[in-house]
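**Q** Got a structure for you, written out below as structure tokens; questions coming shortly.
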Amino acid sequence: MPFHITPDPKFLYLSPTHLEALQHLKYGVTEKKGFIVLIGEVGCGKTTLCRKFMGELDPAHYDTALILNPRVNETQMLRAILTELGEHNVAKSKHDLISQMNQILLDRIAKGREIVLIIDEAQNLSFEVFEQVRLLSNLETDKQKLLQIVLMGQTELKERLAAEELRQLRQRILVHYELRPFTRDEMNHYIHHRLSVSGSAGRPYFTKWALRHIHRTSRGIPRIINNLCDKALLSAFIRDSDEVNYWDARRAVRDMNRLTA
């Protein structure tokens, strides 16, 4: 199935904006910029891009900690980071956790390792956890930061970071990128790419008017594109046709809109 919404790396399509975002992530980490922020609308492909980025980090040189559930307090966040880094005997108190993390990071840096912390859905972090993450960025030697921190989140993350109480964290962000939705041409290439990876040799085929309707409705957001294309393919299948036309796309839009009606 070409239009599953799960982030299967086999179907990865790097549009110009996704490729540029990936380069920003790589630059921020390799140049040890400390804080990196990636923002994108819901369904724009941040998680898929994150998997691609982590897959390209050399495991012989980098240790990564990926936090997918940021709705935690400061102590839980520290414990989650240490667990993600492969530590099993973690301390219990917040003070001891910070001391343990500092020592572990120093030991790994001394062995030539680099440590990257990635926090997904970062717009859901509480102010207290934001502040704790900022304090972690203060851990450093005379020559470098002990931790490279990537904050990934929806557009609300930009509003959170603009808050006056987070100005100290905001001043530490040296690399920032905001994903934009697909243009019409990018969406066409994206759909063709997913069909080709699935084994299509020109069929099924989306007509120009079907593509136009899908782009207008989806606003270029990949997850919505996938949803509409999947429903439109089903509509064409029911008609016993391998050409997806405007009416199939329109039926897909109506079907999706029923969920919010």
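Numbering (the numbering used here), first residue to last: 1456 to 1716.
Glycine residues also receive a C-beta, built at the ideal position from the N, C-alpha and C atoms.
(1) Rounded to the nearest angstrom, what separates L1512 and D1695 at their Cα positions?
(2) Can you confirm whether the region 1638-1648 touches the region 1461-1476 when touching is taken to mean that 3 or more C-beta pairs between the two stretches lie within less than 8 Å?
(3) Relative to the C-alpha of D1518, which candidate in V1699, W1664, H1631 and E1539 has its C-alpha closest?
(4) From V1527, H1550 and Q1558, pick the residue whose C-alpha is nearest to that of E1542; which is it?
(5) Under 8 Å Cβ to Cβ from R1625, same chain only, skipping five residues before and after it: list those, please.
(6) Can at least three beta-carbon pairs, one atom from the region 1561-1568 and one from the region 1487-1506, be found at a separation below 8 Å?
(7) My guess is that H1668 and M1642 are in contact by the Cβ rule of under 8 Å, so how many angstroms apart are they, rounded?
(8) First and last residue of the alpha helix (DSSP H) that includes M1556?
(9) With DSSP collapsed to three states, give me the class of A1520.
(10) Any chance you could list the alpha helix (DSSP H) runs of at least 4 consecutive residues sitting entirely within the region 1595-1625, in chain order?
(11) Thinking C-alpha only, which one of L1572, Q1623, Q1478 and M1532 is nearest Y1632?
(12) Our contact map puts M1719 next to L1521 with C-beta atoms below 8 Å; I'd like the distance itself, whole angstroms only.
(13) Buried or exposed for R1534, going by 16 or more other Cβ atoms inside 10 Å?
(14) Identify, in the order they occur along the chain, each residue of the same chain with its Cβ nearer than 7 Å to the Cβ of N1579, setting aside the five sequence neighbours on each side.
(15) For the alpha helix (DSSP H) containing F1723, list its first residue and its last residue.
**A** Answer, in terms of the structure:
(1) 46 Å
(2) yes
(3) E1539
(4) Q1558
(5) L1616 and A1617
(6) no
(7) That pair is no contact at about 12 Å.
(8) K1549 to A1565
(9) strand
(10) 1611-1616
(11) Q1478
(12) Since the first residue shown for the chain is 1456 and the last is 1716, residue 1719 is missing from the structure and cannot be characterised.
(13) buried
(14) P1525 and R1526
(15) Given a span of 1456 to 1716 for the chain in the structure shown, any question on residue 1723 remains unanswerable.
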